[in-house]
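For reference, the structure is listed below as structure tokens.
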Amino acid sequence: MQSQPYPLIGNLHPPGKFEDPWESQAMVMSAVHNTFIRGINAILQHACTVPKEKIEAFMIFCSTFSETLHHHHEHEEELYFPYLEARMGQGTMTPNVEQHHAFNPHFGKFDEYIAVVTSSPGEYDAEKLKELVHGFAGLLVPHLAEEITTLDATLLREHVSKAEMDDLHQQVQARLNVAFSLDKTIPYFIACHDAKAQPWFSFPTLLVWMINLWPGYAPKYRDSWAFAPFDTWGRPRK
Numbered sequence: 009m010q011s012q013p014y015p016l017i018g019n020l021h022p023p024g025k026f027e028d029p030w031e032s033q034a035m036v037m038s039a040v041h042n043t044f045i046r047g048i049n050a051i052l053q054h055a056c057t058v059p060k061e062k063i064e065a066f067m068i069f070c071s072t073f074s075e076t077l078h079h080h081h082e083h084e085e086e087l088y089f090p091y092l093e094a095r096m097g098q099g100t101m102t103p104n105v106e107q108h109h110a111f112n113p114h115f116g117k118f119d120e121y122i123a124v125v126t127s128s129p130g131e132y133d134a135e136k137l138k139e140l141v142h143g144f145a146g147l148l149v150p151h152l153a154e155e156i157t158t159l160d161a162t163l164l165r166e167h168v169s170k171a172e173m174d175d176l177h178q179q180v181q182a183r184l185n186v187a188f189s190l191d192k193t194i195p196y197f198i199a200c201h202d203a204k205a206q207p208w209f210s211f212p213t214l215l216v217w218m219i220n221l222w223p224g225y226a227p228k229y230r231d232s233w234a235f236a237p238f239d240t241w242g243r244p245r246k
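In the numbering used here, each residue carries its 1-based index in the sequence shown increased by 8.
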């Protein structure tokens, strides 16, 4: 199940309108964070049942989850949080970064294990993997929910102008255009996102068609996305 054992962020519909640059911050962040929670739950769900011949594909799913989360936190710490802090006041986003640092050592152990199994699939141990996931998820999942509260639209509107929000959006978009890959990042997000529950976070239809049908992308990691709760068209798996 996409919401077990770790619950999704309860408020799937943060108050506000997506067209509002201040209100959309929490809306987008909640959708992105839920893709990570679904990724965690998918890894735990399949850990004990993955066939030996699919371990390599499963490790690609695990490593893509990790790489995507690392990119997300780097983006927050290097651009997003400093930009907002410069306008909202020093220390406003510090608790978010401190929480990153709290679970990073546990997350590092997960990364190390995925690297080992990727090189030597015979080293795969389902219980070891689950232990490592729980080791960081117990800190990460509460953080993903708590961080949404720091993006309160009323506070953002008070301290950050419309022009500044537009500027931030452009900088974020430019960074994501470089960080997102057509063969891993975007398929991961589509396959771990509930587009019906949170429709404001989506990718252009042409892009979705490209990653599913274009020969250079579609077949590459198809077996890996089979572990996600949705397919790469965004349809829920049965």
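Just so you know, even glycine gets a beta-carbon here, dropped at the ideal spot from N, CA and C. Predicted model only: the values in this text are computed from it and were never measured.
| Asked | Found |
| --- | --- |
| What does P244 pair with, by DSSP beta-bridge criteria? | F238 |
| Can you tell me the Cβ-Cβ gap for S11 and N49, rounded? I've got them flagged as a contact below 8 Å. | 7 Å |
| State the start and end residues of the unbroken alpha helix (DSSP H) segment that holds V36. | S32 to H54 |
| Could you give the uninterrupted runs of the alpha helix (DSSP H) lying entirely in the region 66–100, keeping only those of 4 residues or more? | 89–96 |
| State yes or no: is the C-beta of A199 within less than 8 Å of the C-beta of S210? | no |
| From E27 to T76, what does the alpha carbon distance come to, in whole angstroms? | 26 Å |
| Between which residues of its own chain and G24 is the CB-CB distance below 6 Å, once the five residues before and five after are set aside? | E31 and A161 |
| Checking 8 Å against the spacing of the C-beta atoms, do H108 and H81 come in under that value? | yes |
| Determine the burial state of S38: buried for a count of at least 16 other Cβ atoms within 10 Å of its Cβ, exposed for fewer. | buried |
| The alpha helix (DSSP H) with Y196 in it runs from where to where? | T193 to A199 |
| Are three or more beta carbon pairs between the region 162–175 and the region 42–57 nearer than 8 Å? | no |
| Measure the beta-carbon distance from R243 to H83 and round it to whole angstroms, keeping in mind my assumption that it falls under 8 Å. | Incorrect: roughly 28 Å between the Cβ atoms, too far for contact. |
| Inspect the CB distances between the region 230–245 and the region 55–71 and report whether three or more fall short of 8 Å. | yes |
| Measure the C-alpha to C-alpha separation of G18 and P207 and round it to an integer number of angstroms. | 16 Å |
| By the 10 Å Cβ neighbour count, where 16 or more other Cβ atoms means buried, how is G47 classified, buried or exposed? | buried |
| Spatial neighbours of F44 within its chain, please: CB distance less than 6 Å, with the 5 preceding and 5 following residues excluded, ordered by chain position. | L77 |
| Among T193, P195, L92 and A153, whose alpha-carbon lies nearest the alpha-carbon of L163? | L92 |
| What does the alpha-carbon distance come out to for the pair F144 and T126? | 20 Å |
| At the level of alpha carbons, what is the spacing between G224 and G99? | 45 Å |
| Straight-line CA distance for V149 to Y14? | 7 Å |
| Are the Cβ atoms of A110 and L147 separated by less than 8 Å? | yes |
| Contact defined as beta carbons within less than 8 Å: I believe E131 pairs with V124. What is the distance between those atoms, to the nearest angstrom? | 6 Å |
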